[in-house]
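Chemist: Please find one structure pasted underneath; my questions will follow.
Number of protein chains: 2
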Amino acid sequence: MSRARDVPSLVAKAREGDPRSVARLISLVENGDPALPEVAAAMASHAGRAQVVGLTGAPGVGKSTTTNELVRALRLAGHRVGVLAVDPSSPFTGGAILGDRVRMQEHTADPGVYIRSMSSRGQLGGLSAATPQAVRVLEGAGCDVILVETVGVGQAEVEIASLADTTLVLLAPGMGDAIQAVKAGVLEIADVFVINKADRPGADNTYRDIQGMLALGERAAGDWRPQVVRAVAVKGEGVDDVVAAIGKHREWLESSGELRARQERRAAAEISALALGTLRARIGDLSGGTALASLAARVADGAIDPYAAADELLSGLAGG
Amino acid sequence: MSRARDVPSLVAKAREGDPRSVARLISLVENGDPALPEVAAAMASHAGRAQVVGLTGAPGVGKSTTTNELVRALRLAGHRVGVLAVDPSSPFTGGAILGDRVRMQEHTADPGVYIRSMSSRGQLGGLSAATPQAVRVLEGAGCDVILVETVGVGQAEVEIASLADTTLVLLAPGMGDAIQAVKAGVLEIADVFVINKADRPGADNTYRDIQGMLALGERAAGDWRPQVVRAVAVKGEGVDDVVAAIGKHREWLESSGELRARQERRAAAEISALALGTLRARIGDLSGGTALASLAARVADGAIDPYAAADELLSGLAGG
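Protein chains in written order, with the numbering used here: chain E, 1 to 320; chain V, 1001 to 1320.
The following block contains the structure:
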């Protein structure tokens, strides 16, 4: 699977949209394969072609259904669509907590849609390292909209949202979601709020709560004001409004220069993470892997402190 | 507050047990103060003197009450006790979600107890970086048992538990906790399970579930078998059994050599984190801070890929 000589042909086929080649490339990404630099080099010239749309929200708000309906609407508008369903699972159990993906099956026969679930197993740096690379693969495969759906709310989602051009936060009435959104820090990352299940009691309250919180936020002239859209995804209602809000945000990103700024910020984060990963490996290799262990023993003895030990480790790195 | 010339006198007073000096040193840790290496150097010789006991569990299981009762029992046994209540709050809101600390107030007048809440605000590397250093301060201040209480369950707790010699996982009946424990990965980190509120219906089921799961785990001869203790912390019942289990684990840690192994693993992790933090700062400083930005622009342009950019960044680091 990971033979380096396969990469050029995999990349060529992925660019033609062959779903099996795309799948194999994303598996390389998930497994941290040594051939990844080669994959990245082949994909580089496609950077920035797709709009990356993050989609997050608490369990039960209807993320899968909304994603499915968005895919349908984007396909009707002629887009090629990639979906990454990202699962920040426990570091130990590896247990997937993905939502119901059954409804997605209507799109599996459509060659213009690529759907993939990702977990963080085995990948150094976890999902925050693997997801941008998977996005690049989908971009290279010709997707022009990539939906990144994350489960739950929390720091992992905030990190993953930071790789999106546009972040949708889904809420549902009667879940105390406005407060939850504040607690989880998603208020700061949302470009579009989708109040799903808007035919249920309490939807107006949720709408007012969110608008009220947005009114409190400070914004400079020309800043994006987050949109609030009501939807009933299970009936397909309001989905076109969500697509329109995504398009409007894309226009703002381009006209304000923020699109380029976000792309550069993401690239900088990705480069830093890769460079630090290399440095971490070099530290582990110092003195045949014994440098860190012997310094750790001296700290445990109380002979030196961790800062002095870190300095000594780094002097070894510079000298090697 | 952070004048470097204060550090020697703060450290001297902290060693005498002066609570205000301990508080100021932990504030330096929380704020990532430049004087931290000096603090660490002064504390180094005290390394490994305290038993670090992690205490975690879902909200509502009674962590604060249990901690309070453990402090009381440990004080009666003549120990000096430090408590760090760690709050892995949102990276954005900074909102504290600490439990009820009111009951702790009975100990605030006791000079043999030091209690402190910590949040991750502003600290590079978050709580996983700050907590070990705060532990070292408490160790230097003469605490021989340090309780590290974390809120909720998840990756942050697992990381923080990795700095403990002994990890207590609190459960309560009727919360589906046995399953929750598996999902959150705490089964692998628990040295002692405390089934709190053991006078409630369902306590026997929770006990059996945990024992059943432990029976499934594979253990080599001489490995620690996690203890399961029932308690009603609010009535003080079973607290002596928890203290006994902690003591028994300490004996096993010493006789098996695992205490030293854990201390070295923690020191290695701390040294690595500090060294990587320094390297991260050096990367940021390359070419007056412009190297990363210009590489990021080239990646955004599609001119190079992130791996090639990372290599270029690192070659600049070696040459500088």
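Cβ atoms here follow ideal geometry from the backbone N, Cα and C, with glycine treated the same way. What you are looking at is a predicted structure, and each value in this text was computed from that prediction instead of being measured.
Going by DSSP, what residues sit across from V/Ser1117 in a beta bridge?
Modeler: According to DSSP, V/Ser1117 bridges with V/Ala1085.
Chemist: Quick check: E/Met213 and E/Arg136, are their CB atoms within less than 8 angstroms of each other?
Modeler: Contact: no.
Chemist: Which value, in whole angstroms, describes the spacing of the CA atoms of E/Val22 and V/Ala1308?
Modeler: Taking the straight line from one Cα to the other gives about 22 angstroms.
Chemist: So, are the CB atoms of V/Val1194 and V/Leu1163 less than 8 angstroms apart?
Modeler: Their beta carbons are not under 8 angstroms apart, which means V/Val1194 does not touch V/Leu1163 by this criterion.
Chemist: Could you tell me whether any Cβ in chain V is nearer than 8 angstroms to the Cβ of E/Met43?
Modeler: So, interface residue.
Chemist: Smallest Cα separation from V/Glu1237: which of V/Lys1197, V/His1249 and V/Trp1224?
Modeler: For the residues V/Lys1197, V/His1249 and V/Trp1224, the minimum Cα distance to V/Glu1237 belongs to V/Lys1197.
Chemist: My output table needs one value for E/Thr93: the three-state DSSP class, helix, strand or coil.
Modeler: Low local confidence applies: a pLDDT of 27 at E/Thr93 is under 50, so the model's placement there is unreliable, and no value is given.
Chemist: Beta carbon of V/Val1192, beta carbon of V/Ala1245: below 8 angstroms?
Modeler: Yes, Cβ-Cβ distance for V/Val1192 and V/Ala1245 is below 8 angstroms.
Chemist: According to DSSP, simplified to helix, strand and coil, what is E/Gly238?
Modeler: Coil, per DSSP.
Chemist: Check whether the Cβ atoms of E/Leu55 and E/Thr67 sit closer than 8 angstroms, and answer yes or no.
Modeler: A contact, by the Cβ cut-off of 8 angstroms.
Chemist: Give me the chain A residues within the contact set of E/Gln51, using Cβ-Cβ distance strictly less than 9 angstroms, ordered along the chain.
Modeler: This model lacks chain A altogether; the protein chains it does include are E and V.
Chemist: Which class does V/Val1232 belong to by DSSP, given the choice of helix, strand or coil?
Modeler: Three-state DSSP puts V/Val1232 in a strand.
Chemist: Scan the segment 13-81 of chain E and note each continuous alpha helix (DSSP H) run of 4 residues or more that stays entirely inside, going in chain order.
Modeler: DSSP runs (the alpha helix (DSSP H)) wholly in the segment 13-81 of chain E: 19-30, 36-43 and 63-76.
Chemist: Based on DSSP bridge pairs, tell me the residues matched to V/Glu1149.
Modeler: DSSP lists V/Leu1055 and V/Ala1085 as partners of V/Glu1149.
Chemist: Determine the DSSP secondary structure at E/Leu171, reduced to helix, strand or coil.
Modeler: E/Leu171 falls in the strand class under three-state DSSP.
Chemist: With three or more C-beta pairs closer than 8 angstroms as the rule, is the segment 216-234 of chain E touching the segment 1261-1274 of chain V?
Modeler: With a cut-off of 8 angstroms, the segment 216-234 of chain E and the segment 1261-1274 of chain V do not count as touching, because too few Cβ pairs lie within range.
Chemist: State buried or exposed for E/Asp209, treating a residue as buried only when at least 16 other CB atoms are found within 10 Å of its CB.
Modeler: Looking at its Cβ environment, which holds 16 or more other Cβ atoms inside 10 Å, E/Asp209 is buried.
Chemist: Can you give me the start and stop residues for the alpha helix (DSSP H) that V/Ile1195 sits inside?
Modeler: Not the alpha helix (DSSP H): V/Ile1195 falls in the beta strand (DSSP E), residues Val1192 to Ile1195.
Chemist: What does E/Thr278 reach in chain V if we use C-beta pairs closer than 9 angstroms?
Modeler: Correct list: Ala1310, Asp1311 and Leu1314.
Chemist: Give the residues from the segment 282-298 of chain E that approach chain V closer than 7 angstroms (Cβ to any Cβ), ordered along the chain.
Modeler: Per Cβ criterion, the list reads Ile283, Leu292, Ala293, Leu295, Ala296 and Ala297.
Chemist: Since E/Leu274 meets chain V, which of its residues come closer than 7 angstroms, beta carbon to beta carbon?
Modeler: Near E/Leu274 (Cβ distances below 7 angstroms), the residues of chain V are Pro1306, Tyr1307 and Ala1310.
Chemist: Considering only the alpha carbon of each residue, which of V/Glu1038, V/Cys1143 and V/Arg1225 lies closest to V/Gly1112?
Modeler: For V/Gly1112, the nearest C-alpha among the options comes from V/Cys1143.
Chemist: Closer than 9 angstroms by beta-carbon distance: list the chain V residues that pair up with E/Glu270, in chain order.
Modeler: Within chain V, the residues near E/Glu270 are Ala1296, Val1299, Pro1306, Ala1309 and Ala1310.
Chemist: What does a CB cutoff of less than 6 angstroms around V/Gly1320 pick up in its chain, not counting 5 residues either side in sequence?
Modeler: At V/Gly1320 the pLDDT is 46, less than 50, meaning the model places this residue with poor confidence; the figure from the coordinates comes in the next sentence. Within the same chain, V/Gly1320 has no close Cβ partners at all.
Chemist: Within a Cβ cutoff of 8 angstroms, which residues of the same chain sit near V/Pro1201, ignoring the five residues on either side of it in sequence?
Modeler: The residues are Pro1173 and Gly1174.
Chemist: Whether or not the segment 302-317 of chain E and the segment 1031-1040 of chain V are in contact is what I'm after, with contact meaning three or more pairs of Cβ atoms, one per stretch, closer than 8 angstroms; do they touch?
Modeler: The answer is yes - the segment 302-317 of chain E touches the segment 1031-1040 of chain V, with three or more Cβ pairs under 8 angstroms.
Chemist: Which whole-angstrom value is the C-beta distance of E/Ile146 and E/Leu84, which I expect to be below 8 angstroms?
Modeler: About 7 angstroms; that satisfies the 8 angstroms criterion.
Chemist: Drop a sphere of 10 angstroms on the beta-carbon of E/Pro59, count the other beta-carbons inside from all chains shown, and report buried for 16 or more, exposed for fewer.
Modeler: By the 10 Å Cβ count, E/Pro59 comes out exposed.
Chemist: When the Cα atoms are used, what is the spatial distance from E/Pro226 to E/Thr150?
Modeler: Answer to the nearest angstrom: the Cα atoms are 20 angstroms apart.
Chemist: According to DSSP, is E/Ala308 part of a helix, a strand, or is it coil?
Modeler: Helix at E/Ala308.
Chemist: May I ask you to list, following chain order, the residues of the segment 220-248 of chain E that have a beta carbon less than 8 angstroms from some beta carbon of chain V?
Modeler: Cβ contacts with chain V: none found.
Chemist: Using a Cβ-Cβ cut-off of less than 7 angstroms, give me the residues of the segment 253-268 of chain E that come near chain V, in sequence order.
Modeler: Per Cβ criterion, the list reads Arg260, Gln263, Glu264, Ala267 and Ala268.
Chemist: In this structure, does DSSP put V/Thr1342 in helix, strand or coil?
Modeler: Residue 1342 of chain V is absent from the structure shown; chain V starts at 1001 and stops at 1320.
Chemist: If E/Leu314 sits next to V/Thr1278, beta carbons under 8 angstroms apart, how far is it from one beta carbon to the other, in whole angstroms?
Modeler: Right, their Cβ atoms sit about 6 angstroms apart.
Chemist: Beta-carbon within less than 7 angstroms of V/Leu1028's beta-carbon, same chain only, minus the 5 sequence neighbours each way: which residues are those?
Modeler: Taken in chain order, the residues that qualify are Ser1002, Ala1035, Leu1036 and Val1039.
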